[in-house]
Amino acid sequence: MKSNLRCHGSCVITIWALGVVLFITALPGWTPDAEAIPPFARKYQVNCNVCHVRWPRLNPFGEQFLENGYQMPGTHDGGMVEKIRLGDVTLDDISNYIGFLFDVEPVTNSALRRDVTGAEDQTELANVAILRMFTAGTLTEDVGFLMDMTTLFSQSSDVKLGRAFVSFNNIGGMNWGHVRIGRIDPSAYFSVATDRPQFFPLSPKIGPPFGPFGPSIQRWSQTFGSAAASKFYGIFDRNMAPIFPFAPTLYNSTVEAGIDLHGRPFGDWFLYQIGILNGAEERWGDTNNSKDWYVMTRFDYAQSDNFSANLSGFAYFGNHNTKVLGGADVSRSRYGVGARIRYRWLDLYGDYTIDRITDLPSGMSATFDDTATGVTVEAHAIVTDRLLLGVGYNHLDAGGVLSQRKSASFLSLQARYYLRSNIALQVRDEVNLRDAEGGTSPARNLRNQFITNVSIAF
Amino acid sequence: MMKVLCRIVFTLVGGLWVFWSSGTVEATSQPDKDVSAGAIIYERSCSVCHGISGKGDGPAAFYNSAYSASRARDFTVGNYKFRSTISGSLPLDQDLFRTITNGIPGYMPSFSGLSPDQRWQVVAYIKTFYAGFEEETPEQIHVEGSPIPSTAESVQRGKALFQAMDCHSCHGAQARGAGPVAVAGELTDSSGLLISPNDLTNPTGWKNGTTARDIVRTLVTGLDGTPMPSYESQLAGHEDDAWHLANYLLSLLGQH
Numbered sequence: 001m002k003s004n005l006r007c008h009g010s011c012v013i014t015i016w017a018l019g020v021v022l023f024i025t026a027l028p029g030w031t032p033d034a035e036a037i038p039p040f041a042r043k044y045q046v047n048c049n050v051c052h053v054r055w056p057r058l059n060p061f062g063e064q065f066l067e068n069g070y071q072m073p074g075t076h077d078g079g080m081v082e083k084i085r086l087g088d089v090t091l092d093d094i095s096n097y098i099g100f101l102f103d104v105e106p107v108t109n110s111a112l113r114r115d116v117t118g119a120e121d122q123t124e125l126a127n128v129a130i131l132r133m134f135t136a137g138t139l140t141e142d143v144g145f146l147m148d149m150t151t152l153f154s155q156s157s158d159v160k161l162g163r164a165f166v167s168f169n170n171i172g173g174m175n176w177g178h179v180r181i182g183r184i185d186p187s188a189y190f191s192v193a194t195d196r197p198q199f200f201p202l203s204p205k206i207g208p209p210f211g212p213f214g215p216s217i218q219r220w221s222q223t224f225g226s227a228a229a230s231k232f233y234g235i236f237d238r239n240m241a242p243i244f245p246f247a248p249t250l251y252n253s254t255v256e257a258g259i260d261l262h263g264r265p266f267g268d269w270f271l272y273q274i275g276i277l278n279g280a281e282e283r284w285g286d287t288n289n290s291k292d293w294y295v296m297t298r299f300d301y302a303q304s305d306n307f308s309a310n311l312s313g314f315a316y317f318g319n320h321n322t323k324v325l326g327g328a329d330v331s332r333s334r335y336g337v338g339a340r341i342r343y344r345w346l347d348l349y350g351d352y353t354i355d356r357i358t359d360l361p362s363g364m365s366a367t368f369d370d371t372a373t374g375v376t377v378e379a380h381a382i383v384t385d386r387l388l389l390g391v392g393y394n395h396l397d398a399g400g401v402l403s404q405r406k407s408a409s410f411l412s413l414q415a416r417y418y419l420r421s422n423i424a425l426q427v428r429d430e431v432n433l434r435d436a437e438g439g440t441s442p443a444r445n446l447r448n449q450f451i452t453n454v455s456i457a458f
Numbered sequence: 001m002m003k004v005l006c007r008i009v010f011t012l013v014g015g016l017w018v019f020w021s022s023g024t025v026e027a028t029s030q031p032d033k034d035v036s037a038g039a040i041i042y043e044r045s046c047s048v049c050h051g052i053s054g055k056g057d058g059p060a061a062f063y064n065s066a067y068s069a070s071r072a073r074d075f076t077v078g079n080y081k082f083r084s085t086i087s088g089s090l091p092l093d094q095d096l097f098r099t100i101t102n103g104i105p106g107y108m109p110s111f112s113g114l115s116p117d118q119r120w121q122v123v124a125y126i127k128t129f130y131a132g133f134e135e136e137t138p139e140q141i142h143v144e145g146s147p148i149p150s151t152a153e154s155v156q157r158g159k160a161l162f163q164a165m166d167c168h169s170c171h172g173a174q175a176r177g178a179g180p181v182a183v184a185g186e187l188t189d190s191s192g193l194l195i196s197p198n199d200l201t202n203p204t205g206w207k208n209g210t211t212a213r214d215i216v217r218t219l220v221t222g223l224d225g226t227p228m229p230s231y232e233s234q235l236a237g238h239e240d241d242a243w244h245l246a247n248y249l250l251s252l253l254g255q256h
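Chains as they are written, first to last, in my numbering: chain A, 1 to 458; chain B, 1 to 256.
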């Protein structure tokens, strides 16, 4: 079933016009409140940094707010704060429910290898423009919800549904159990959550000659990190559409349909999470009757001296969730550990994952590597109240079809300057540490990529 | 037919909405001083910013204001901004309760999601971080008089007082927080962090309330730990001036 809601012509113009209007109203001097712009900030009348290290990264308070189903930590305030009661249901001002994210990349430069036929360095203007609308909040005490929709203008102008779930919180007691049902991001509570990159998560960009594993992938899209990546060359979803080796999948998928339970029944030091997902990379539908499931535990340490640390581990068990060349069903699973340390201006985090494919057709064992690993390590420093600097390392030890797979190592440097806590200017440079090894694989042909970005949340 | 049905539905929904929304008044309660219960709530709801030992050094404290004021309150030093007591003294329990309930716009969300009993329990626990609460009995200031009608004359008088009392040095002639002392970067809080005077034309920046009584209380008590002094001595015997000044400041917010 086709999943995307088509939006062309006047619809796109309308969305653009809306984006421009919102952009203008977000400029300094056009809003009465310089800081409290996005819906939760509006609702609670606080600035973004109460919940964010710097938007969009959550700080420990924001993580607790998220864990509690968009309620203040330790409370059931979903039914009362800033609300009008209508029986058991409580209503809020519409501006406290709805927010927008607008992203544009004014200049992007991709430097490709000279020895690849047809490859040329490319400088593009306004290459990517994204408008994401999300609505989130609480319906009543301990019942929360979130839904987001994204339009990526530069690629298809489709309106794509992202996460969409309802959460039932504090089941059995404060922090004992929180259930999310719908289209969820499984890794939301892991030490390194997938969907909170410093840059807006972008799809890979592919130039001619087109092909999922051809030589012309121009955007390696390291923003998700190699540990979150699918890692295998030559795998497909259940509709036989290729799964890119760097796309976030399985436990680290940005969205999958399923049910998720998490909680901290023994105090702040320990978090458990368990869930069942369709796991088939499907936006709609449920062809994966056998389902995937996962379990994650996280240990948190310290609540003082401006210091906190956590250590997480997960296991994700795939069940006929992937296809390989020839159309055979295989099971793709993942096991990973992650850690995070925050001390005042420093935010250091990383994760390591191992992916395994089982149930391979016997004839493929000689031509297909069924194991792959990925590691992501990043550090960010808050240099001033408005400036964030970061450095990251990603290594992908790829698996899959032996004739295609190539491992990759990238170093990324980035700076993010906040005009206000909801408006950020960014530059990021990604350096391929292994381009000297040559070859036409997408892991080699991109030498360097420089991206500028403007992000606005309102 | 459809129009009639729609009218009936809207009338019923609207009526029910008004009926239910009118009944959401929070019950008052007597202070519950269960310290151990307060400790549990504090660790769940407060420690992530204020720290497990109350020093204002929780793991999220740094991010709100990394290199400038205001960070999370350090409960171990007995220095509180939002009081109804004389400058330099501790706050009343009611002051702490009010801050927990209302939050501090921009910096601390409201915790009215906690029940009144739970908030009183947290007040009791917070006081255990500073021994002075057992030794000192804070004295409540008395906000003399009552609000004066906000006439043009009162607002004009308040504006003159704004200049005469040197408020503009920090808050600026336009009261937007850009006075010469502030622009020079000379204002710091008690921990040495650069602090910006409030933009008095922005209602979300008023940390200690926006009623006339809130403003007069702030003028009389000052905000301890910040450059905002107490004007208690200057206003003694001229209590009406405090209300005139409050009327002027409220006029900046469009409230007459």
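We put the beta carbon where it would ideally sit given N, CA and C, even for glycine. These numbers were taken from a predicted model, which means no experiment stands behind them.
Give me the Cα-Cα distance between residue i and residue j, rounded to the nearest whole angstrom.
{"i": "B/Tyr80", "j": "B/Glu136", "result": "14 Å"}
{"i": "B/Ile100", "j": "A/Leu413", "result": "41 Å"}
{"i": "A/Leu139", "j": "A/Gln71", "result": "11 Å"}
{"i": "B/Pro59", "j": "A/Met149", "result": "32 Å"}
{"i": "A/Ala136", "j": "B/His238", "result": "50 Å"}
{"i": "A/Asp92", "j": "B/Cys49", "result": "27 Å"}
{"i": "A/Gly69", "j": "B/Gln118", "result": "20 Å"}
{"i": "B/Leu114", "j": "B/Asp32", "result": "13 Å"}
{"i": "A/Lys43", "j": "A/Asn96", "result": "5 Å"}
{"i": "A/Leu459", "j": "A/Arg334", "result": "Chain A is shown from 1 up to 458; residue 459 of chain A falls before or after that span and cannot be answered."}
{"i": "A/Val391", "j": "A/Asp429", "result": "10 Å"}
{"i": "B/Ser146", "j": "B/Ala66", "result": "40 Å"}
Name the residue from the options whose alpha carbon lies nearest to the alpha carbon of residue i.
{"i": "A/Thr249", "options": "A/Leu388, A/Ile184, A/Val383", "result": "A/Ile184"}
{"i": "A/Val192", "options": "A/Thr151, A/Ser253, A/Pro242", "result": "A/Ser253"}
{"i": "B/Ala124", "options": "B/Thr201, B/Ile52, B/Ser36, B/Lys159", "result": "B/Ser36"}
{"i": "B/Leu219", "options": "B/Ser70, B/Thr85, B/Val77", "result": "B/Thr85"}
{"i": "A/Tyr393", "options": "A/Asp142, A/Ser226, A/Tyr272", "result": "A/Ser226"}
{"i": "A/Glu282", "options": "A/Asp351, A/Glu105, A/Arg132, A/Gly182", "result": "A/Gly182"}
{"i": "B/Ser233", "options": "B/Ile141, B/Pro31, B/Ala246, B/Arg176", "result": "B/Ile141"}
{"i": "B/Ser190", "options": "B/Pro227, B/Gly254, B/Glu134", "result": "B/Pro227"}
{"i": "A/Thr123", "options": "A/Met133, A/Ile130, A/Arg42, A/Asn109", "result": "A/Asn109"}
{"i": "B/Asp95", "options": "B/Ser89, B/Arg83, B/Ser45", "result": "B/Arg83"}
{"i": "A/Ala164", "options": "A/Leu146, A/Val337, A/Gly374, A/Val383", "result": "A/Leu146"}
{"i": "A/Tyr316", "options": "A/Lys323, A/Phe410, A/Lys291, A/Leu360", "result": "A/Lys291"}
{"i": "A/Glu105", "options": "A/Leu131, A/Ile94, A/Gly99", "result": "A/Leu131"}
Taking buried to mean at least 16 other C-beta atoms within 10 Å of its own C-beta, is residue i buried or exposed?
{"i": "A/Met240", "result": "exposed"}
{"i": "A/Phe190", "result": "buried"}
{"i": "A/Phe270", "result": "exposed"}
{"i": "B/Gly51", "result": "buried"}
{"i": "B/Asp166", "result": "exposed"}
{"i": "B/Thr211", "result": "exposed"}
{"i": "B/Gly185", "result": "exposed"}
{"i": "A/Ala126", "result": "exposed"}
{"i": "B/Leu253", "result": "exposed"}
{"i": "B/Val183", "result": "exposed"}
{"i": "A/Ser187", "result": "buried"}
{"i": "A/Thr384", "result": "exposed"}
{"i": "A/Thr151", "result": "buried"}
By Cβ distance below 7 Å, which residues in the same chain neighbour residue i in space, the five residues on each side in sequence not counted?
{"i": "B/Thr188", "result": "Leu194, Ile195"}
{"i": "A/Leu27", "result": "Bear in mind that the predicted position of A/Leu27 carries a pLDDT of just 41, short of 50, making it unreliable; the figure below should be weighed with that in mind. Result list for A/Leu27: empty, nothing under 7 Å."}
{"i": "A/Phe299", "result": "Trp269, Phe270, Asn310, Leu311"}
{"i": "B/Gly260", "result": "Given that chain B is displayed from residue 1 to residue 256, the structure contains no residue 260 of chain B and the question cannot be resolved."}
{"i": "A/Lys406", "result": "Ala398, Gly439, Ser441, Ala443, Arg444"}
{"i": "A/Gly177", "result": "Ile171, Leu261, Gly263"}
If you drop the 5 nearest sequence neighbours on each side, which residues of the same chain put their C-beta closer than 6 Å to that of residue i?
{"i": "B/Arg73", "result": "Gly56"}
{"i": "A/Ser455", "result": "Asp103, Ala424"}
{"i": "A/Asp195", "result": "Asp185, Thr254"}
{"i": "B/Lys127", "result": "Phe133"}
{"i": "A/Val21", "result": "With a pLDDT of 48 at A/Val21, under the threshold of 50, the predicted position of this residue should be treated as unreliable, though the coordinate-derived value follows. Contacts found: none."}
Grab me the residues of residue i's own chain with a C-beta within less than 8 Å of its C-beta, minus the 5 sequence neighbours each way, in chain order.
{"i": "B/Gln121", "result": "Asp32, Lys33, Asp34, Val35, Ala37, Gly38, Ile41"}
- Near-chain B residues of the segment 297 to 331 of chain A (beta-carbon distance less than 8 Å), N- to C-terminal order: Under the 8 Å Cβ criterion, the segment 297 to 331 of chain A contributes Ala302, Gln303, Ser304, Asp305, Asn306, Phe307, Ser308.
- Message: Output needed in chain order: residues of the segment 51 to 62 of chain B with a Cβ under 8 Å from some Cβ in chain A.
- Response: Gly51, Ile52, Ser53, Lys55, Asp57, Gly58, Pro59, Ala60, Ala61, Phe62
- Message: Which residues of the segment 95 to 116 of chain B have a Cβ closer than 8 Å to any Cβ of chain A? Give them in chain order.
- Response: Gly103, Pro105, Gly106, Tyr107, Met108, Pro109, Ser110, Phe111, Ser112, Gly113, Leu114
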